[in-house]
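With UniProt numbering applied, the sequence shown closes on residue 136, and no number is skipped along the way.
Backbone N, C-alpha and C fix where the C-beta goes; we use that ideal spot for every residue, glycine too.
From a predicted model like this one, the values you see are computed outputs, not experimental measurements.
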Amino acid sequence: MSHADKDPQNVARGYKAAINNPNVSEEAKDNAAKQLDHMGFERPGQTGGTQGDEHTNRVFGGYKATLHNDNTSEQAKNHAREILDEYSQSSSSNEYGADEHEKRQLAGYKAALSNPRVSDGAKQHAREFLEQHGAL
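Quick look at the structure:
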């Protein structure tokens, strides 16, 4: 089976894993990096581009999930809040204005209230946030 027959995301993940694996030779790592370049994927450590944006979204999505996980310690939740607050402050000032950021935040929380896949705890958090910001 050729690479054309495989899921490109999975192939890229394999190459990225090889680059980060200390048991892989430098020659194999160089080859993996070239293949990622050829496929149009970022190598680990590169910045910019849509693949990095997707990774960033997944990482911060994980931190958001941590906040609503009943099995997560308070220490982990506090760490997640700190990371998300830092990211929120830096991204809101870089991508668009603070007003636009707040508008998008409120829209997201309002959408959560009507989404049947959102947990009761997350809906309660959304209600509290919207009430605090006079949007409910």
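What does a CB cutoff of less than 7 Å around residue i pick up in its chain, not counting 5 residues either side in sequence?
i: F129; result: Y109
i: A76; result: T66
i: Y87; result: F60
Classify residue i: buried if its beta carbon has 16 or more other beta carbons within 10 angstroms, exposed otherwise.
i: G48; result: Bear in mind that the predicted position of G48 carries a pLDDT of just 47, short of 50, making it unreliable; the figure below should be weighed with that in mind. Its Cβ having fewer than 16 others within 10 Å, G48 is exposed.
i: A17; result: exposed
i: A111; result: exposed
i: A80; result: buried
i: E100; result: exposed
i: E102; result: exposed
i: N94; result: In this prediction, N94 scores a pLDDT of 48, lower than 50, which makes its location untrustworthy; the coordinate-derived value is nonetheless stated afterwards. Answer is exposed; the Cβ neighbour count stays below 16.
Considering only residues of the same chain and omitting the five flanking positions on each side of residue i, which have a CB-CB separation below 6 Å?
i: T135; result: A quick correction: the sequence has Ala, not Thr, at residue 135. Here the set comprises L106.
i: H68; result: G121 and A122
i: L113; result: K123 and A126
i: Y63; result: A80, I83 and L84
i: T50; result: Caution is warranted here: a pLDDT of 48 is assigned to T50, below 50, making its placement in the model unreliable, and the coordinate value is therefore given only provisionally. Around T50: no qualifying Cβ.
i: Q35; result: Y15
Counting along the chain, where does the alpha helix (DSSP H) carrying residue i start and finish?
i: L130; result: D120 to Q132
i: L36; result: E26 to M39
i: A12; result: P8 to N20
Can you list, in chain order, the residues of its chain whose CB lies under 8 Å from that of residue i, leaving out five sequence neighbours each side?
i: A28; result: A18
i: A33; result: Y15, I19 and R43
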